[in-house]
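Beneath this line is the structure, given in structure tokens, with notes to follow.
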Amino acid sequence: MRNSQNLNCAETMLIPTILCGGAGSRLWPLSRDEYPKQLLPLAGEETMLQGTIRRLEGFACPDVILSPSPIVVCNEDHRFVVAQQLQEAGSAGASIILEPQGRNTAPALTVAALSAAENGGDSLLLVMPADHLVKNREAFHQAVERGIAPALSGAVVTFGIVPDWPETGYGYIQADQDSPFAEETFPILRFVEKPDFTTAESYLSTGDYCWNSGMFLVRAETWLKTMEQLQPSMLAACRAAFFRGRRDLDFHRLDSESFSECPADSIDYAVMENLRALADPSIRGVMVALDAGWSDVGAWDAVWRISEKDEEGNAASGDVLLENSQDSLVISTSRLVSCVGIDLLAVIETPDAVLVADMDKVQDVKKIVASLKAKERREGTAHRKVFRPWGWYDSLAQGDGVQVNRMLVNPGAMTSLQVHRHRSEHWIVVRGIAAVTLGRETVLLTENQFTFIPAGEKHRVENPGQAPLEIIEVQFGSCLDEDDIVRLEDRYGRISINRGSACFSCSAS
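Position 301, counted from 1, in the sequence shown is what UniProt numbering calls 301; the numbers after and before it change by one each time, with no gaps.
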């Protein structure tokens with residue numbers, strides 16, 4: 001990778017552009033709205049987002065300079081976790097654009113293109129969903145390099161996955177194999193929806209079809225020109241949302257009212273399927289064939305396929321015991337899970353929910369999530385363990401007028417200065433050092449020390465130490481949710497966002 005300091009005006013910047021939206025409902029109960037699959041380590045020790053941001057490490061091409069500052073578009077509720085994971089992955093300088101609500105991939109790419117254009121210079125955007133896996137990084141780099149020339153000439157380049165089997169869960173791309181631009185680079189004839197099994201088999205037999213990966217390579221200028229012709233109302237709404245937005249700490253927050261008026265659509269439906277209708281012949285669809293161990297990790301059968309397996313074909317993670325079981329996926333996150341005589345099952349355990357599903361029916365897990373949401377069950381959207389910019393809390397027990405939480409405050413972090421009107425709290429330090437502000441006084445507490453916070457008293461806790469601070473919090477009162485929270489000060493800029501509300505245990509952001 002060349003240093004950005006050597007950039008000259010004749011060279012094009014290649015900007016990794018990460019689309020970090022989506023809920024991953026088919027991977028419930030691990031993936032939930034408030035902590036979706038792209039933020040989880042489903043394919044190793046790194047999270048899916050971190051694996052995506054590292055995918056271009058070692059990439060070098062004489063035609064472009066790889067930008068050290070990726071663009072990441074994510075939901076505003078995930079902003080602090082996304083920023084932390086990017087920092088851990090060595091991308092602390094990323095430009096993070098916050099969506100106030102999801103509008104699918106076409107608007108997300110459009111605001112990323114506006115950001116790139118605002119910074120000036122000629123930019124290529126390499127668009128990658130944050131929840132995909134690519135095992136062969138070198139093969140991916142070669143495919144990207146093959147796509148650079150057509151993208152620079154004005155094409156919208158997509159990457160088609162060389163299929164291994166007649167998958168019915170993916171869309172397909174038909175390429176013009178008779179008129180290649182270059183090695184494994186072809187004009188696009190058409191996009192087709194998810195086929196039935198017989199149709200998928202016929203696609204494989206022709207050799208003309210690839211899976212639709214949802215990854216793209218396009219000049220920012222080309223994308224904005226294309227949107228102007230195909231989706232002018234979407235482009236206008238994105239422009240308004242971007243330029244009426246504001247800086248918030250290290251984030252660019254889109255204007256909520258403007259973005260809410262933006263039509264919601266995918267890149268494929270909004271643009272790729274309509275490129276042939278354009279009058280401009282320089283803008284065309286091009287597919288680069290990619291054979292690099294790709295997976296969209298869309299459901300539990302996909303997780304099973306990419307996982308290491310034992311001699312019986314089982315993939316297990318966590319505290320798991322298997323007896324006389326075959327070809328199954330078993331994940332435990334908090335307790336012992338034992339399985340006897342199972343075959344082709346997905347068994348997923350979390351502290352507050354357990355899923356048992358036939359591997360052939362895992363696409364229907366999203367129906368369970370829909371049912372939970374219809375019943376307004378918290379398990380449909382949130383984990384028991386909830387992450388905050390200062391750390392996390394885990395709700396250990398709840399009862400009538402009482403709640404017990406385990407809190408972890410990161411070194412150097414602090415909660416909001418806040419007040420509760422209808423509840424009191426007891427804090428017990430389990431490990432670390434706590435600087436507790438209570439009214440006008442601040443005291444230091446260490447392991448096995450405690451304090452009492454009466455209702456109506458201003459308070460906060462800070463971790464001044466070098467190690468994590470762990471606290472057991474016991475709440476008593478008639479209201480234990482966010483209706484009883486008033487934020488007075490907050491270093492993370494959340495007062496205006498949440499109308500003055502904040503709390504360790506029930507804040508919405």
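All C-beta atoms in this analysis are idealised placements derived from N, C-alpha and C, irrespective of residue type, glycine included.
Since the model is a prediction, treat every value here as computed from it, not as a measurement.
Spatial neighbours of residue i in its chain, beta-carbon cut-off 7 Å, leaving aside the 5 residues before and after
| i | result |
| --- | --- |
| Q5 | Confidence is the limiting factor: at Q5 the pLDDT is only 37, short of 50, which leaves the residue's position unreliable and the question unanswerable from this model. |
| A89 | Q50, I53 and R54 |
| L40 | L30, S31, T47 and M48 |
| S233 | P263 |
Beta-carbon spacing of residue i, residue j below 8 Å
| i | j | result |
| --- | --- | --- |
| Q403 | R26 | no |
| V72 | I18 | yes |
| L125 | A113 | yes |
| M13 | I65 | yes |
| L230 | T110 | no |
| E34 | V386 | yes |
| G432 | G465 | yes |
| E473 | N405 | yes |
| residue 515 | T158 | Outside the modelled stretch of the chain, which goes from 1 to 509, sits residue 515, for which no answer is possible. |
| S325 | D343 | yes |
| F197 | P166 | yes |
Own chain residues within Cβ distance below 8 Å of residue i, not counting five before or after
| i | result |
| --- | --- |
| A175 | G160, F186, P187, I188, L189, D208, Y209, C210, M287 and A289 |
| R247 | R253 |
| S317 | S307, V330, I331 and S332 |
| E228 | L235 |
Inter-residue spacing [alpha-carbon to alpha-carbon] between residue i and residue j
| i | j | result |
| --- | --- | --- |
| L249 | C339 | 48 Å |
| A413 | A467 | 11 Å |
| G93 | Q85 | 12 Å |
| R491 | L336 | 40 Å |
| V271 | R253 | 25 Å |
| L275 | M407 | 52 Å |
| G456 | G399 | 22 Å |
| M1 | R146 | With a pLDDT of 34 at M1, under the threshold of 50, the modelled position of that residue is not reliable, and the figure given next carries that caveat. Roughly 17 Å separates the two Cα atoms. |
| E489 | A435 | 16 Å |
| S213 | G171 | 8 Å |
| W223 | V156 | 8 Å |
| A240 | L98 | 14 Å |
| I267 | A106 | 4 Å |
| A43 | A279 | 43 Å |
| G341 | T168 | 29 Å |
| E193 | E273 | 11 Å |
| D296 | A117 | 29 Å |
| K375 | A382 | 14 Å |
| I485 | D327 | 49 Å |
| P100 | G439 | 35 Å |
| K458 | V443 | 14 Å |
| S282 | T226 | 11 Å |
| E312 | F242 | 52 Å |
| T206 | F181 | 20 Å |
| F476 | L445 | 21 Å |
| R377 | K367 | 14 Å |
Sequence-distant residues of its chain with Cβ nearer than 6 Å to residue i (five each side left out)
| i | result |
| --- | --- |
| W304 | A315 and L329 |
| F140 | V134 and A292 |
| A264 | R103 and N104 |
| E447 | V429 and R431 |
| E441 | none |
| D63 | I148 |
| R79 | L98 and F251 |
Closer than 7 Å: residue i CB and nearest the ligand SAH heavy atom
| i | result |
| --- | --- |
| E489 | Summarising the ligand content, the structure contains no ligands, and the ligand SAH is consequently not present. |
Chain C contact for residue i (CB, 8 Å cutoff)
| i | result |
| --- | --- |
| S179 | The structure shown has no chain C; it contains just one protein chain. |
Given residue i as reference, the closest of the options once Cα atoms are compared
| i | options | result |
| --- | --- | --- |
| D319 | K366, S332, E11 and F216 | S332 |
| L469 | K458, V430 and I485 | V430 |
| N410 | D196, P389, L98 and F251 | P389 |
| N463 | E183, T415, G493 and E473 | T415 |
| V144 | D178, R440, E99 and A60 | A60 |
| M359 | A353, L345, K367 and S371 | L345 |
| R487 | T446, H420 and V474 | H420 |
| V461 | F476, G477, I472 and L417 | L417 |
| S91 | S371, D301, P351 and E57 | E57 |
| G245 | S233, S260 and P232 | S260 |
| W28 | F476, S478, I495 and E379 | E379 |
| G298 | S115, D131, S258 and E201 | D131 |
| D164 | P68, C20 and A200 | A200 |
| E183 | Q142, A302 and P195 | Q142 |
| V369 | S478, C20 and P36 | P36 |
| C20 | A357, V81, V347 and P351 | V81 |
| E349 | I96, K309, D196 and W300 | W300 |
| D255 | N75, P70 and P68 | N75 |
| S123 | S69, A83 and Q87 | S69 |
**Prompt:** Per the contact definition of three or more C-beta pairs closer than 8 Å, is the stretch 449-460 in contact with the stretch 422-438?
**Reply:** yes
**Request:** Say whether the stretch 393-402 touches the stretch 355-370, bearing in mind that this needs 3 or more beta-carbon pairs closer than 8 Å, one atom from each stretch.
**Result:** no
**Message:** Below 8 Å, how does it come out for the stretch 145-155 and the stretch 211-219: are there three or more Cβ pairs, yes or no?
**Reply:** yes
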